[in-house]
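Numbering-wise, my numbering puts 194 at position 194 of the sequence shown, and it's gapless, one number per residue. Note that the Cβ used here is the ideal one computed from N, Cα and C, for glycine as well.
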Amino acid sequence: MGRRTVVWTVRNSAYPFEGRRVMNYDSVYFDSVDLQLFRSHQQGRRCRFKVRIRTYADSGARFVEVKTKSGRGETVKHRMPYPDGPRTALDESAADFVQSVIREQYATTAPPLHAMLDSVYHRATLVDPAAGERLTCDVDLRWSTSDGDFVVGPDRVLLESKTTNRGRVDGILAAWGIRPLSMSKYPIGTALLRPELAANRWNRLLRREFGWQRAVLRGTR
């Protein structure tokens, strides 16, 4: 979708939060040293999960979030308030929360986790309360590592329909020729910053949206 169309829509329809229509998001993703969580996504395993600390920069709210897959393949988000916790580390209470979720969902334990990727972007959310529909619009994506490497997303708007069933907005997007694609910020950012990793599952997306010119997009602070 063109940025001009989205900007107009957001200005006229986005749900305001304390007078703001576009919010700043900061998500720090965690993985094992050998990237077990990334590899489980790359291999399409059913029992996969993501762990992150999400900070809403404008309000200062912070949560530890664990995203799992249900038996039906649906994504389930578990979250714990983390107002006083560090932005890039899981303290004891956060680590216990993560382990409790993984034990409950998969009857196993998570490996030792470390901060691996920081993802920041701007988001506007369009809401239709009557229809129970919600559409998020993300722009200015940027991924970075603690080593100083970073990559910026393409000049695109990432739309995500947050509707249980096919809603009106899905029909509108389809009529405009906008087809859904599978994309997760953590594995995509990791694949872009770690060219030595296999990323077969996202090769087509990376070639089309990023030009597969990862060496050009990458930089150092």
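As an exercise, report each continuous beta strand (DSSP E) stretch of at least 3 residues that is fully enclosed by the segment 59 to 127, in chain order.
You should have 61 to 69 and 75 to 81.
Determine which residues share a DSSP beta bridge with I188 and list them.
Translated into the one-based positions of the sequence shown, residue 188 becomes position 188. Paired residues: none, contrary to the question.
Keeping to the same chain, check which residues put their C-beta closer than 6 Å to that of R123; ignore five residues upstream and five downstream.
Counting from one through the sequence shown, the residue named residue 123 turns up at place 123. Once the five neighbours on either side are set aside, the close Cβ partners of R123 are M23, Y25, T136 and D138.
Residues near F63 by beta carbon distance below 7 Å, same chain, minus five either side
Counting from 1 along the sequence shown, the entry for residue 63 is found at position 63. Cβ within range, chain order: R54, R79, M80, P81 and Y82.
With 16 other CB atoms within 10 Å as the buried threshold, where does E65 fall?
The residue given as residue 65 occupies position 65 in the sequence shown. Taking all protein chains shown into account, E65 has 16 or more neighbouring C-beta atoms within 10 Å of its C-beta and is therefore buried.
Pull up the CB-CB distance for E133 and G167, whole angstroms please, since I reckon it's below 8 Å.
Position 133 of the sequence shown, counted from the start, is the residue given in the question as residue 133. Position 167 of the sequence shown, counted from the start, is the residue given in the question as residue 167. Contact flag correct, Cβ pair sits at about 4 Å.
Can you tell me which of the three DSSP states W143 falls into?
The residue you call residue 143 lines up with position 143 of the sequence shown. DSSP places W143 in strand when its eight states are reduced to three.
Thinking C-beta only, is W143 closer than 8 Å to L206?
Indexing the sequence shown from 1 puts residue 206 at position 206. Indexing the sequence shown from 1 puts residue 143 at position 143. No. Outside cutoff.
Evaluate contact between the segment 84 to 91 and the segment 100 to 107, counting only Cβ atoms and requiring at least three cross-stretch pairs below 8 Å.
no
With a 10 Å radius around its C-beta and 16 neighbouring C-beta atoms as the bar for buried, classify L181 as buried or exposed.
As a position in the sequence shown, residue 181 is number 181, starting the count at 1. The residue in question, L181, is exposed, as its Cβ has fewer than 16 Cβ neighbours within 10 Å.
Rounded straight-line distance, which links the Cα of S184 to that of A110:
Here residue 110 is taken as the residue at index 110 of the sequence shown, counted from 1. Here residue 184 is taken as the residue at index 184 of the sequence shown, counted from 1. Approximately 20 Å, taken between the alpha carbons.
What would DSSP say about L35, mapped onto helix, strand or coil?
Looking up residue 35 in the sequence shown gives position 35. In this structure, L35 counts as coil in the three-state DSSP scheme.
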